[in-house]
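In what follows, a single structure is set out as structure tokens and then discussed.
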């Protein structure tokens, strides 16, 4: 089970009231919400291994170089003088909880894996593409739909509609949902665009048009080639839109496709019994931050999988 960790703790932060506080009065809602998610996911889907995939760089410069608008709206407009100019806007009440999340995950024995100059999506893409066992990717990010692969037992557990309405995406489920295959999804996303990631897409081409073009021409290369060849059956309107977006379409696939060949550190994601040191650290964190029932549920769920 590969966790898109930031996507989950952002969802937890916004889904659990910030009146859920630690003994010192600080909000602890994201931590407790994430622990409850882990408990539920572990119990329902019974993984043998769990990895917390991490954004070492939430907005890699190499992606920005290709598409300057990439995630621009999520950059703090006026960062502090000594801050990274591309610092992400994170709610003030969430930022202090992120180090606690890392501490708790580590004490639970869940490895935190990231890669320099890459997003958690790329870590997930690499691990999912090279795993020797079935994989469940847990995310609220549609970009990761491209990893669905029945032939390799890779599914996406999509949290976009909330934890109470999880969607399990296989090849057929994804095609029923979007009209395209997993192999076509990145091309579909590039054409459709995504305002949440600052991807403009092809003006005038929405999901239905993108899906129909992919159904007819197979992939983005085929669509671009058809637009350049006046002898193809591509309609005049669609041809004009594709040609007008030629510069964007040349670079978009490199931005939208997740990286699948990162050199990641070695780790052991197997769910195992806590060591005495881990158990003591978990007890300490529970008391210090008032994690009580949420941490207890997560520990019990993980212990049941040993």
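Residue numbers (our numbering): 526 to 831.
Cβ coordinates follow ideal geometry from the N, Cα and C atoms, glycine included.
For this session: Would you mind reading off the limits of the beta strand (DSSP E) that contains residue 682?
Result: 679-683 is the extent of the beta strand (DSSP E) around residue 682.
For this session: Determine the contact status of residue 638 and residue 792, defining contact as a CB-CB distance below 8 Å.
Result: Contact flag set, yes.
Exercise. Just reading off the beta strand (DSSP E) that residue 561 is part of, what are its end residues?
Worked result: Where residue 561 is concerned, there is no enclosing beta strand (DSSP E), although the alpha helix (DSSP H) it sits in stretches over 554-570.
Exercise. So is residue 554 buried or exposed if we call it buried at 16+ other beta carbons inside 10 Å?
Worked result: Here residue 554 is buried: its Cβ has 16 or more other Cβ atoms, across all protein chains shown, within 10 Å.
Problem set entry | Residue closest to residue 656, alpha-carbon to alpha-carbon, out of 794, 670, 532 and 633 | Nearest to residue 656 by C-alpha distance, out of 794, 670, 532 and 633, is 794.
Problem set entry | Presumed contact (8 Å Cβ cut-off) between residue 527 and residue 663, rounded CB distance | About 7 Å separates the CB atoms of residue 527 and residue 663; that is less than 8 Å, so the two are in contact.
Exercise. From 582, 672 and 549, pick the residue whose C-alpha is nearest to that of residue 694; which is it?
Worked result: Distance from the Cα of residue 694 is smallest, within the candidate group 582, 672 and 549, for 672.
Problem set entry | Secondary structure, alpha helix (DSSP H): runs of 4+ residues fully inside the region 743-823 | You should have 745-753, 761-769, 771-781 and 801-814.
Problem set entry | Through-space distance from residue 752 to residue 782, alpha-carbon basis | Cα to Cα, residue 782 sits roughly 22 Å from residue 752.
Exercise. Should the region 691-707 be called in touch with the region 808-819, which here means at least 3 C-beta pairs below 8 Å?
Worked result: Contact fails: fewer than three Cβ-Cβ distances are below 8 Å.
For this session: Could you pull out every residue in the same chain whose Cβ sits closer than 7 Å to the Cβ of residue 547, ignoring the five residues on either side in sequence?
Result: 553, 814 and 815, listed in sequence order.
For this session: Could you check if residue 586 is buried or exposed, using at least 16 other CB atoms within 10 Å of its CB as the buried criterion?
Result: With fewer than 16 other Cβ atoms within 10 Å, it is exposed.
Exercise. Mind checking whether the beta-carbon of residue 539 lies closer than 7 Å to any heavy atom of the ligand SAH?
Worked result: This structure lacks the ligand SAH; in fact it carries no ligand of any kind.
Exercise. When you compare each of 758, 715, 722 and 531 to residue 730 by their alpha carbons, which one comes out closest?
Worked result: Per the Cα distances, 715.
Exercise. When the distance is taken between beta carbons, is residue 724 closer than 8 Å to residue 778?
Worked result: Result no, Cβ atoms of residue 778 and residue 724 do not sit closer than 8 Å.
Exercise. Can you tell me whether DSSP reads residue 625 as helix, strand or coil?
Worked result: Residue 625: helix per DSSP, three-state reduction.
For this session: In angstroms with no decimal places, state the Cα-to-Cα distance between residue 690 and residue 684.
Result: Distance between the alpha carbons of residue 690 and residue 684 is about 7 Å.
For this session: Compare the C-alpha of residue 738 against each of 721, 764, 755 and 754 and name the closest.
Result: Considering only alpha carbons, the answer is 764.
Exercise. Ordered along the chain, which non-local residues of its own chain (more than five positions away) have a Cβ less than 6 Å from that of residue 823?
Worked result: Counting only Cβ-Cβ distances below 6 Å, and skipping sequence neighbours, we find 560, 563 and 564.
For this session: Provide the residue span of the beta strand (DSSP E) that contains residue 711, from first to last.
Result: Per DSSP, residue 711 lies in no beta strand (DSSP E) segment; the continuous alpha helix (DSSP H) that holds it begins and ends at 707-717.
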